[in-house]
Amino acid sequence: QVQLVEAGGGLVQAGGSLRLPCAAPGSTFSAVFMGWYRQAPGKQRELGAAISSESSTYYVDSVQGRFTISSDNAKNSLYLQMNSLKPEDTAVYYCVGRIGVQDYWGQGTQVTVSS
Numbered sequence: 004q005v006q007l008v009e010a011g012g013g014l015v016q017a018g019g020s021l022r023l024p025c026a027a028p029g030s031t032f033s034a035v036f037m038g039w040y041r042q043a044p045g046k047q048r049e050l051g052a053a054i055s056s057e058s059s060t061y062y063v064d065s066v067q068g069r070f071t072i073s074s075d076n077a078k079n080s081l082y083l084q085m086n087s088l089k090p091e092d093t094a095v096y097y098c099v100g101r102i103g104v105q106d107y108w109g110q111g112t113q114v115t116v117s118s
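The sequence shown lines up with residues 4 to 118 when you count with my numbering.
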């Protein structure tokens, strides 16, 4: 069983930055892909950014150019650098990793952007 743990959420003003780390303490694995989903109040969960085992990246249009996803395979860690944050980025952010055919989710971390 792989446990993913997110951190780094919090309250930030519009235009500010946050960096979300995601780690898997005590686990060693090779993920097919890892990503960050987010769910805003009253909205469906969406995939915000993802990175494959070949380092190909994906960003939803609304974060393109502002967010950067990266991974450190040696540390089994994933990061999301979020710049120029907007109030509409307010959501719970979830780290997810696909290992084989199984998806593993973190517990989520709240990001709140004030206007």
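Glycine included, every Cβ here is placed at the ideal spot set by N, Cα and C.
One thing to note: Q113 has its Cβ within 9 angstroms of the Cβ of G13. For V116, the secondary structure class from DSSP, reduced to helix, strand or coil, is strand. Take the alpha-carbon of R101 and the one of S55: they are about 10 angstroms apart. For G100, DSSP records a beta bridge to M37, Y107. The continuous stretches of beta strand (DSSP E) do not include P44, and DSSP gives it neither H nor E. Rounded to whole angstroms, the Cβ separation of G38 and R22 is 16 angstroms, and the two are not in contact under 8 angstroms.
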